[in-house]
Structure formats: structure tokens, C-alpha cells
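**Student:**
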Amino acid sequence: MSGRTTLNVLAARPDTVDDLAVICDTARAELRTVPNLSNLRAKQFAERWWAPDGLIGALLHPVADDRRDLAATTRQQLRNLGS
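With my numbering applied, the sequence shown closes on residue 84, and no number is skipped along the way.
(1) How far does the alpha helix (DSSP H) with Thr-75 in it extend, from its first residue to its last?
(2) Is it buried or exposed for Thr-74, if we count other Cβ within 10 angstroms and need 16 for buried?
(3) Whole angstroms are fine: how far does the CA of Asp-70 sit from the CA of Asn-81?
(4) In chain order, what residues of the same chain lie with their CB nearer than 6 Å to the CB of Pro-53, ignoring the 5 residues before and after it?
(5) What's the gap between the Cα of Thr-34 and the Cα of Trp-51?
(6) Out of curiosity, what's the CA-to-CA distance linking Asp-66 and Cys-25?
(7) Between which residues of its own chain and Leu-56 is the CB-CB distance below 7 Å, once the five residues before and five after are set aside?
This is the structure:
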């Protein structure tokens with residue numbers, strides 16, 4: 002899944018439980034997909050960004066873990082990242 006597609010899925014407001022399941026599954030899949038980078042420095046940046054407290058990980062982990070209590074905060078972080 003492309004990064005833009007992932008962002009669009011995560012930014013969506015789920016209308017049904019099925020929609021929410023798709024959003025959570027998308028986040029889990031993105032976390033399992035390690036960026037394939039050959040440059041050591043680039044790998045280090047990616048690892049930092051995908052960490053739970055990293056730029057991308059801070060968005061994906063709450064969604065993947067179905068932390069609905071963090072939905073508003075995560076959605077705002079995503080909007081801030083996109084602007």
C-alpha cells in the first residue's frame with residue numbers, strides 16, 4: 002500500500018465497525034512493512050520514524066492497537082502532518 006493511500010485510509014472517519022477494522026488492519030500492515038532501504042543512514046531514519054514515538058509510528062501504533070481514546074489526537078496529528 003502506498004504512503005498516500007495509507008494516509009487517506011487513516012484519515013477517514015469510519016462509518017461502521019467494518020470500516021474501523023479496515024483502518025486498524027491497514028495500520029498493522031504498514032507497521033509490518035519495513036521500508037526496503039539500502040542506505041544505512043536512511044534505514045536509521047526510517048527505524049526512528051516507525052518507532053512508537055516516531056513521526057509515523059505515533060500515528061500508526063494507536064490505530065493499529067485500536068486505541069479509540071486517542072482517535073481525536075491521532076487524527077489531529079495526521080492533519081498537522083498533511084498540512
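We treat Cβ as the ideally placed atom computed from N, Cα and C, and that holds for glycine.
**Tutor:** Once the coordinates are examined:
(1) Within the sequence shown, residue 75 is the residue found at index 74, counting from 1. Run containing Thr-75: 72 to 83, per the alpha helix (DSSP H) assignment.
(2) Here residue 74 refers to the residue found at position 73 of the sequence shown. Per the 10 Å Cβ criterion, exposed.
(3) Taking the sequence shown and counting its residues from 1, one reaches residue 81 at position 80. Taking the sequence shown and counting its residues from 1, one reaches residue 70 at position 69. In a straight line, the C-alpha of Asn-81 is about 19 Å away from that of Asp-70.
(4) Taking the sequence shown and counting its residues from 1, the one referred to as residue 53 is at position 52. So the list reads His-62, once near-sequence residues are dropped.
(5) Taking the sequence shown and counting its residues from 1, the one referred to as residue 34 is at position 33. Taking the sequence shown and counting its residues from 1, the one referred to as residue 51 is at position 50. C-alpha separation (whole angstroms): 10 Å.
(6) Taking the sequence shown and counting its residues from 1, one reaches residue 66 at position 65. Taking the sequence shown and counting its residues from 1, one reaches residue 25 at position 24. Approximately 7 Å between the Cα atoms of the pair.
(7) In the sequence shown, counting from the first residue as 1, residue 56 sits at position 55. Cβ within range, chain order: Trp-50.
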